[in-house]
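Visitor: No gaps in the numbering here: position 17 of the sequence shown is 33 in the working numbering, and each next residue is one more. One structure, pasted below without further comment.
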Amino acid sequence: MASRPDRYVGIDNDINGGMTTIGKIIRDAWVFRLIPETETCKNWNLAGIDSLLQKVNAEWDKYGCLVSHLPPELAARHRQIHDPAIAQARVAGWSGEHETDYEE
Numbered sequence: 017m018a019s020r021p022d023r024y025v026g027i028d029n030d031i032n033g034g035m036t037t038i039g040k041i042i043r044d045a046w047v048f049r050l051i052p053e054t055e056t057c058k059n060w061n062l063a064g065i066d067s068l069l070q071k072v073n074a075e076w077d078k079y080g081c082l083v084s085h086l087p088p089e090l091a092a093r094h095r096q097i098h099d100p101a102i103a104q105a106r107v108a109g110w111s112g113e114h115e116t117d118y119e120e
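Spelled out as structure tokens, the structure:
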């Protein structure tokens, strides 16, 4: 049985073009300017990722966890960061089906 790595590979090396739970946390952290967009979180440990998740969640809580509730500047940043990431992941073979399986 293989053990899970204790360090994150970095969003640019992540599976599915970074369309993972950790990848979303990082992109949202970029949206909210919690970390610079040059920060891939490569070699971060789980505690560091979890700490970032808590900060991201605190930001989302201010807006009811809805993109539609973001102020115009943050909504624009969200599109600028997430839209190209989704397009790039699709080119890499990601379909998005895994994230929506529960909706069926």
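C-beta: ideal position from N, C-alpha, C; glycine also.
Identify which residue in 27, 100 and 69 has its Cα closest to the Cα of residue 59.
Guide: The sequence position of residue 59 within the sequence shown is 43, counting from 1. Cα-wise, what sits closest to residue 59 is 27.
Visitor: Residue 47 lies in the alpha helix (DSSP H); which residues open and close that run?
Guide: The residue labelled residue 47 in the question sits at position 31 within the sequence shown. Unbroken alpha helix (DSSP H) run through residue 47: 37 to 47.
Visitor: Tell whether a beta-carbon distance below 8 Å holds between residue 68 and residue 50.
Guide: Position 52 of the sequence shown, counting from 1, holds the residue named residue 68. Position 34 of the sequence shown, counting from 1, holds the residue named residue 50. A contact, by the Cβ cut-off of 8 Å.
Visitor: Measuring only the C-alpha atoms, how far is residue 106 from residue 78?
Guide: As a position in the sequence shown, residue 106 is number 90, starting the count at 1. As a position in the sequence shown, residue 78 is number 62, starting the count at 1. Spanning the two alpha carbons is a distance of roughly 30 Å.
Visitor: Using 10 angstroms around the beta-carbon of residue 39, count the other beta-carbons present and answer buried if the total reaches 16, otherwise exposed.
Guide: Mapped onto the sequence shown, residue 39 falls at position 23. Label assigned to residue 39: buried.
Visitor: How many angstroms separate the CA atom of residue 34 from the CA atom of residue 45?
Guide: What you label residue 34 is simply residue 18 of the sequence shown in a count that begins at 1. What you label residue 45 is simply residue 29 of the sequence shown in a count that begins at 1. Whole-angstrom Cα-Cα distance: 14 Å.
Visitor: Could you check what DSSP says for residue 61 in three-state terms: helix, strand or coil?
Guide: Residue numbering aside, residue 61 sits at position 45 when the sequence shown is read from its first letter. DSSP places residue 61 in strand when its eight states are reduced to three.
Visitor: In angstroms, rounded to a whole number, what distance separates the CA positions of residue 76 and residue 88?
Guide: Locating residue 76 in the sequence shown gives position 60, where the first residue counts as 1. Locating residue 88 in the sequence shown gives position 72, where the first residue counts as 1. If I take the Cα positions, the gap works out to 15 Å.
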